[in-house]
Amino acid sequence: MQISIKDVVTTTDAYNFHAHSQYCDGRDTMSAIAAAAAEAGMKYFAFTPHSPVPIDSPCNMGKEKMDEYMEEVDRLHRLYSPDMVVLKSLEIDYLGDDWGPHIDYFQRLPLDFRLGSVHFVPNQDGVLLDCDGRFERFARYLKEGYRGDLRYVVEKYFEHVLRMLERGGFELLGHFDKIAGNASMADPEIEHQGWYEALVDDVISHAKSSDVVVEINTKAWDDKGRFYPSELWWQKLKDSGVAIAIDSDAHYAEKVTAGRRDAFTRWNNLK
184 MQISIKDVVT TTDAYNFHAH SQYCDGRDTM SAIAAAAAEA GMKYFAFTPH SPVPIDSPCN
244 MGKEKMDEYM EEVDRLHRLY SPDMVVLKSL EIDYLGDDWG PHIDYFQRLP LDFRLGSVHF
304 VPNQDGVLLD CDGRFERFAR YLKEGYRGDL RYVVEKYFEH VLRMLERGGF ELLGHFDKIA
364 GNASMADPEI EHQGWYEALV DDVISHAKSS DVVVEINTKA WDDKGRFYPS ELWWQKLKDS
424 GVAIAIDSDA HYAEKVTAGR RDAFTRWNNL K
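For reference, each letter of the sequence shown is one residue, going 184 to 454 in the working numbering.
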């Protein structure tokens, strides 16, 4: 079942297009998460396990689980339809020109839509390191893997986001400044640098020309008081006219709506 997520996000708030379960790094079953979504009044709910990747990553689903995952989404869709449409998707990691939403493997999968994200950033020697997750690990990677060059990490991250947009093959752009979570802990002023803002401007421009939906990710709102992308850039997003999806990126059933109400209120209060 193909669906236009742009049509959904421009007509209702009763959706969530980013959620993880036991098939990757989520902490609850798909059944429990779907039940919580239905209880919350969702009309459209998508599962987006972290995609298979050709490198070692405990957070990503293996290819051998794909059929089982697809069957479970279909089962839940039948269970909750027509009150809630359960969608099958993947949060597809862009690793470079050889691996991302655009490659044949992901294009041939019977997904309802594709979510494209960047989590892994190559170091100066081309070794991919996961820059998401705990700051302690990021700080170690920064020192030992990236030679202490924070600007390199940030610029390379955004370079991958831009390249992913250029290659295409997906409908929803996930948390496009997620690197800021750890980078801003290493340097609290980094998001206020002119060169950083220029990177954000490039992403928004590319997203507009690519006609993708841009996610506002609310996962960190309750714990860390921030969204991805940062509210610093929301007026730019609104002025650009890009379509926005506000998603919880839930890893627990109890978090399916976390942060979404506040995000909608803040977004709708923009001029």
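Using N, Cα and C, we set each Cβ at its ideal position, and we do this for glycine too.
Comparing C-alpha distances from D211 to each of D445, H434, T448, K454 shows the shortest one belongs to H434. One Cα belongs to S214, the other to A381, and the distance between them is close to 42 Å. Counting only the Cα atoms, D257 lies some 8 Å from K271. Apart from the 5 residues on each side of it in sequence, K438 sits with its Cβ closer than 7 Å to the Cβ of S431 in its chain, given in chain order. In this structure, the CA atom of M347 is about 28 Å from the CA atom of T440. The alpha-carbon of L453 is positioned some 23 Å away from that of D406.
When beta bridges are read from the DSSP output, I275 appears opposite G299. In the DSSP assignment, the residues bridged to A202 are A433.
Going by DSSP, Y379 is part of the alpha helix (DSSP H) stretching over 377 to 393. In the DSSP assignment, E338 falls within the unbroken alpha helix (DSSP H) covering 333 to 350. In this structure the region 241 to 249 does not touch the region 222 to 230; the number of beta carbon pairs closer than 8 Å is below three. Annotated three-state conformation of Y411 is strand, per DSSP. Per DSSP, L262 is not a residue of any beta strand (DSSP E); the alpha helix (DSSP H) it occupies stretches across 249 to 263. Excluding its 5 nearest sequence neighbours in each direction, V425 has C-beta neighbours in its own chain below 6 Å: A390, K391, V397, listed in chain order. Here L278 is actually not in contact with V337; their C-beta atoms are around 18 Å apart, not less than 8 Å. In the three-state reduction of the DSSP assignment, Y227 falls in the strand class. Going by DSSP, L325 is part of the alpha helix (DSSP H) stretching over 318 to 327.
Spatial neighbours of F289 in its own chain (CB-CB distance under 6 Å, excluding positions within 5 residues in sequence) are listed in chain order as I275.
Contact annotation, K402 with G357: C-beta distance approximately 11 Å; criterion of less than 8 Å not satisfied. The C-beta distance from A202 to I186 rounds to 16 Å, too long to meet the 8 Å contact threshold.
Look at V192 here: in three-state DSSP terms it is helix.
Inclusion of N306 and Y340 in the CB contact set at 7 Å is not warranted, their separation being larger than that value. Residue pairing by DSSP places V268 opposite Y227 in a beta bridge. Here W450 is actually not in contact with W404; their C-beta atoms are around 12 Å apart, not less than 8 Å.
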